[in-house]
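Right, one structure below, let's go through it.
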Amino acid sequence: MRAILAAVIMLQALITGVPPPDDTPNGYICEGCFNDQSADPCTATGVVQCTGKQNACLSFSGTVSWPGEAGRSHSGKGCTTQDYCKLGIFNVAGTQAYDYALKCAPALKV
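If you use mature numbering (1 follows the signal peptide of the UniProt record, and there is no 0), the sequence shown corresponds to residues -17 to -1, 1 to 93, in order.
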């Protein structure tokens, strides 16, 4: 499970450029998966524990590019914040997404 969590955190860091500020588990969970070889939606391989202010589940699939880099295919599921869901990927400085799907849903409280 830790590998899934690490992959989801990596996906968020890749998309936002900023790692989560608080890694304290908060009692919420989301499905988790990560694939950096395909833009096809990944299949959940387990659950991840949300941390800090993360209270929403993110599902992303598509091609993302950053300044000076070619687009790369990614897909992933994991925890995020409601604020990130409201912002969306196009509001992350320098990030461009192509042929993508970004969905958010409330995280499950356990």
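By construction, the Cβ of each residue, glycine as well, lies at the ideal position given by its N, Cα and C atoms.
It should be emphasised that the depicted structure is a prediction, and the values quoted were computed from it without experimental measurement.
For this session: Using beta-carbon positions only, say whether Pro50 and Gly71 come within less than 8 Å of one another.
Result: For the purposes of this step, residue 50 is identified with residue 67 of the sequence shown, where counting begins at 1. For the purposes of this step, residue 71 is identified with residue 88 of the sequence shown, where counting begins at 1. Cβ distance not < 8 Å, so Pro50 and Gly71 don't count as in contact.
For this session: Identify, in the order they occur along the chain, each residue of the same chain with its Cβ nearer than 8 Å to the Cβ of Asp6, setting aside the five sequence neighbours on each side.
Result: By 1-based counting over the sequence shown, the position of residue 6 is 23. Thr34 and Gly35.
For this session: Between the Cα of Val31 and those of Lys69, Phe17 and Asp23, spot the shortest distance and give me the residue it belongs to.
Result: Here residue 31 is taken as the residue at index 48 of the sequence shown, counted from 1. The residue with the shortest Cα to Cα distance from Val31 is Phe17.
Problem set entry | Nearest neighbour of Leu41, chosen from Pro8, Ile12, Ala84 and Cys62 [CA to CA] | The residue you call residue 41 lines up with position 58 of the sequence shown. It is Cys62.
Exercise. Taking all protein chains shown into account, do 16 or more other C-beta atoms lie within 10 angstroms of the C-beta of Ala84, making it buried, or fewer, making it exposed?
Worked result: What you label residue 84 is simply residue 101 of the sequence shown in a count that begins at 1. Result: exposed.
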